[in-house]
Amino acid sequence: MFTSVAGLSVLVTGGSKGIGKGIARVFAQSGAHVTIVGRDPQTLAGTADELGAVGVVADVSRPEDCRRAADTAVERFGGIDVLCANAGVFPEARLADLTEAEVDAVFGVNVKGTMFSVQACLPALTASGRGRVILTSSITGPITGFPGWSHYGASKAAQLGFLRTAAIELAAQRITVNAVLPGNIATEGLATMGPEYRAAMEASIPLGRLGEVADIGNACLFLASLEAGYITGQTLVVDGGQVLPESLSAVDSR
Ligand code: NAP
Numbered sequence: 651m652f653t654s655v656a657g658l659s660v661l662v663t664g665g666s667k668g669i670g671k672g673i674a675r676v677f678a679q680s681g682a683h684v685t686i687v688g689r690d691p692q693t694l695a696g697t698a699d700e701l702g703a704v705g706v707v708a709d710v711s712r713p714e715d716c717r718r719a720a721d722t723a724v725e726r727f728g729g730i731d732v733l734c735a736n737a738g739v740f741p742e743a744r745l746a747d748l749t750e751a752e753v754d755a756v757f758g759v760n761v762k763g764t765m766f767s768v769q770a771c772l773p774a775l776t777a778s779g780r781g782r783v784i785l786t787s788s789i790t791g792p793i794t795g796f797p798g799w800s801h802y803g804a805s806k807a808a809q810l811g812f813l814r815t816a817a818i819e820l821a822a823q824r825i826t827v828n829a830v831l832p833g834n835i836a837t838e839g840l841a842t843m844g845p846e847y848r849a850a851m852e853a854s855i856p857l858g859r860l861g862e863v864a865d866i867g868n869a870c871l872f873l874a875s876l877e878a879g880y881i882t883g884q885t886l887v888v889d890g891g892q893v894l895p896e897s898l899s900a901v902d903s904r
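Going from the sequence shown to the working numbering is simple: count from 1 and add 650.
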């Protein structure tokens, strides 16, 4: 039996839709006080209403926005116990055409945004005495590759480089730092890739389906639990077995 997270203060960046919304929903349903962050005010307000969460319009690539989001969670809920640094973007661009602006945009949100979010929440996570940081990385980059996402894959691998040193530095404050590595999860963002992409992905997953956002939320709930307090600097792949097959025929001959 895991100790309840009811009453904890949980901040989820990119919590207005997709995986972040799924994470926020799992924590809200478990009785946590949830603050969500996103750039689009309308989407954010709709999700905040739906989940009973507090919404903060902020861009995680800006340190001052991250500090404002952390301050809001502290003002509303008395602190921050769990940060899910999930906000991310994945625009497609082939290496031959990739521009400096596209690289900067992806690294600005996925890498710098992760670092600034953690930094902004540090005082509150330290005060918690059981602080948890959970990053949303990806299988793409740390384990796999996919044409069109060299910059994205590099950014998702960079998050893990950050995680390993952060986990050591923050251990003194009893803050753990871990990452979930989703495979292909059914989200609004993934829907923009089209039905052919979705079908190809489903065919490559041993468990035969795309992940649900709750699959990632539940993994975060575990890493946020008191009972996971001795786990730090680690990665948890949540992908239905997608990284396992040596080739497509390994999946076909299940
Ligand atoms: P999504 O549906 O596009 O949602 C992204 C969320 O992040 C939205 O709430 C978005 O809101 C927010 N966001 C984006 N840029 C932001 C910024 N600069 N500041 C604050 N919020 C920002 O994407 P998703 O599929 O759920 O992806 C979420 C995370 O999971 C990302 O880190 C992604 O790399 C990772 N991931 C996704 C998959 C997948 O299959 N979907 C697989 C592996 C990893 P606004 O646009 O309003 O700001």
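C-beta: ideal position from N, C-alpha, C; glycine also.
Cβ separation of residue i and residue j, assumed to be a contact under 8 Å, to the nearest whole Å
| i | j | result |
| --- | --- | --- |
| T722 | V704 | 7 Å |
| S711 | G758 | 4 Å |
| V706 | R718 | 7 Å |
Classification of residue i by the beta-carbon crowding that lies within 10 angstroms, buried from 16 upward
| i | result |
| --- | --- |
| R675 | buried |
| Y905 | The displayed coordinates of the chain run from 651 to 904. Any statement about residue 905 would go beyond what the structure contains. |
| G702 | exposed |
| L876 | exposed |
| T826 | buried |
| F677 | buried |
| P832 | buried |
| L894 | exposed |
| P845 | exposed |
| M851 | buried |
| G670 | buried |
| L745 | exposed |
| D731 | buried |
For residue i, three-class secondary structure by DSSP
| i | result |
| --- | --- |
| G705 | strand |
| P741 | coil |
| N828 | strand |
| T776 | helix |
| T790 | strand |
| P689 | According to the sequence provided, residue 689 is Arg. The question's Pro does not apply to it. DSSP places R689 in coil when its eight states are reduced to three. |
| G696 | helix |
| G839 | helix |
| I669 | helix |
| V756 | helix |
| V662 | strand |
| G861 | strand |
| A869 | helix |
| A682 | coil |
| A770 | helix |
| V783 | strand |
| V901 | helix |
Residue i to residue j span [Cα, whole Å]
| i | j | result |
| --- | --- | --- |
| Q908 | L733 | This structure cannot settle anything about residue 908, because the visible part of the chain is limited to 651 through 904. |
| A695 | K667 | 11 Å |
| G858 | E714 | 43 Å |
| S897 | V662 | 36 Å |
| A807 | D865 | 21 Å |
| R904 | V888 | 20 Å |
| G681 | L871 | 12 Å |
| N828 | S788 | 13 Å |
| G763 | A817 | 17 Å |
| T842 | G657 | 36 Å |
| R689 | I855 | 32 Å |
| N834 | A708 | 26 Å |
| S654 | S899 | 43 Å |
| Y847 | R824 | 42 Å |
| Q884 | R814 | 8 Å |
Within-8 Å CB hit, residue i to chain C
| i | result |
| --- | --- |
| A804 | Within the model displayed, chain C is absent; a lone protein chain is all it includes. |
Closer than 7 Å: residue i CB and nearest ligand 2 heavy atom
| i | result |
| --- | --- |
| R718 | Questions concerning ligand 2 fall outside what the structure shown contains, since the ligands it does hold are ligand 1. |
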